[in-house]
Structure formats: C-alpha cells, structure tokens
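A short write-up of the structure that comes next.
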Amino acid sequence: MDHDCFACAILTHGGRDDVLYAADDEMELSDFTEPFQADKCKSLAGKPKLFFVQACRGVQLDQGQEISVSGTSAETTDALNTSTQKFTIPVEADFLIAQATAPEYYAWRNKRTGSIFIQTLCSVLNEYGHELDLNKLLTRVNGMVAFNFESGCTDEDMSHKKQIPTFTSRLTYDIYFPKPKLSTKLM
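Under numbering that gives the first Met the number 0, think of the first position of the sequence shown as 0, with each following residue one higher.
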C-alpha cells in the first residue's frame, strides 16, 4: 500500500496501566498498537504510526502548583538524512502515542464541547499544523492545556483541577503535515 502514515484516534473511558474500556470489554493500548509493528505490518514499516488517546488513566486529581515563569527556551531542529539505503529498524520504531493525561490521572471533558485535549489538539493542528513538526505541535498542546485549562464542576472537590497531556515519541524523524496540493484539473 502507498500510505505516508497511519493515524488512530481513540476516545473512550480508561483506567490504570493503559486499560481502555469498550461497551462490553476492556482492552489495553498495546492491543491497538501491536498490529502495526514493523514485523507485523510491513507496508507501514519505517512510516509513522500515530495514536491519539482521550481516556482517563487513573482517578487522581491534579491540584496544580503555582509557579513563576521567566526566560525562554531555545528550539533546536535536526536535519533529516534523505539518502536512500537499506537498514534494519526496531519493530517498535516510528510510533507516537499522545494521551490526554499523565499516568494515574483523570482526563477532563466538557459535556457540551468535549475533551479539552482533543479540542486543543485540533486547534493547534489547524493553526500550526503546516509549519511545525508533530513533536512541537504536541508540546504546544501540552502547554495550552496545562496553563489555560482548569476544571469547572459544581462539585467543589472536582473543581479547579489541572490536566497535562503526555506523549511518547519513538519517531525516527520529524513529522510535518504539508498543505494539501489543490488539483486544478476538472473531473
């Protein structure tokens, strides 16, 4: 098959140890990712496999911690070696797993607008998706959720809580989402 990458979004209830709940069963996140390992899915070997997961990962509530921020951080970019040669890659290479919250913590959603993680991810992809690589996009999502979000519940014990998304990258190169080429040909 001629595909540039594979992307999967999972929005469900979850629990500790990356357990995900379906209507009548529970699965582990690895049940979704393992079929796409390079030795099991050769058509995607060396290509990015992206998983975006909106699910709780526990029941802990993040109270947050007040901090003072000053200064800026430097951004670095590595050049991609584009020479063609054969090589062996690890079967777990080229996966990126982005999750709504850190292990053991609750992931927030709004009954009207949905998941703060997914909403922020979509917003960042729409605004910066054609200019920043995926790791930078997800770091921006982390910052926006961490600094701009606070739960608002009528239950005071659940109100004013924070959330930090997390992502694990085993990508072997930077991923960009170029603007689609518009065809001028009439069908």
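Just so you know, even glycine gets a beta-carbon here, dropped at the ideal spot from N, CA and C.
Residue i vs residue j beta-carbon contact at 8 Å
| i | j | result |
| --- | --- | --- |
| Pro47 | Leu124 | no |
| Ala6 | Leu49 | yes |
| Gln53 | Phe116 | yes |
| Asn134 | Ser168 | yes |
| Leu120 | Phe51 | yes |
| Gly45 | Ile88 | yes |
Burial state of residue i, where buried means 16 or more other Cβ atoms lie within 10 Å
| i | result |
| --- | --- |
| Pro164 | buried |
| Phe166 | buried |
| Gln84 | exposed |
| Phe35 | buried |
| Ser114 | buried |
| Thr171 | exposed |
| Asn63 | The residue you asked about is not Asn; residue 63 is Gly in the sequence shown. Exposed, because fewer than 16 other Cβ atoms sit within 10 Å of the Cβ of Gly63. |
| Asp3 | exposed |
| Phe146 | exposed |
| Lys93 | Note that residue 93 corresponds to Asp in the displayed sequence, not to Lys. By the 10 Å Cβ count, Asp93 comes out buried. |
| Ala97 | buried |
Below-8 Å beta-carbon distance, residue i vs any chain B residue
| i | result |
| --- | --- |
| Leu10 | In summary, chain B is missing from the structure at hand, where a single protein chain is found. |
Residues near residue i in its chain [Cβ-Cβ closer than 7 Å; skip 5 each side]
| i | result |
| --- | --- |
| Arg15 | Arg56, Gly57, Glu103 |
| Val18 | Glu25, Glu27 |
| Cys40 | Pro34 |
| Glu141 | The question names Glu, yet the displayed sequence has Asn at residue 141. These residues qualify, in order along the chain: Ile163, Pro164. |
| Asp132 | Asp173, Ile174, Tyr175 |
| Arg111 | none |
Among the options, nearest to residue i - alpha-carbon criterion
| i | options | result |
| --- | --- | --- |
| Glu65 | Leu170, Lys161, Arg169, Ile174 | Lys161 |
| Phe31 | Asp38, Ile9, Asp23 | Ile9 |
| Gln118 | Met143, Ala101, Tyr105, Glu130 | Met143 |
| Asp61 | Ala101, Ser29, Leu43 | Ala101 |
Beta-carbon proximity list for residue i, same chain, < 8 Å, skipping 5 on both sides
| i | result |
| --- | --- |
| Val90 | Gln36, Ala37, Asp38, Lys39 |
| His12 | Leu19, Tyr20, Ala54, Cys55 |
| Asp23 | none |
Proximal residues to residue i (C-beta, below 6 Å), its chain only, five neighbours per side dropped
| i | result |
| --- | --- |
| Leu181 | none |
| Trp107 | Ile115, Ser150, Gln162 |
Residue i beta carbon near the ligand ATP (any heavy atom closer than 7 Å)
| i | result |
| --- | --- |
| Val52 | As presented, the structure is devoid of all ligands, the ligand ATP included, so that no description of it is given. |
Answer yes if the segment 139-155 comes into contact with the segment 172-183, meaning at least three C-beta pairs across the two stretches below 8 Å, and no otherwise. no
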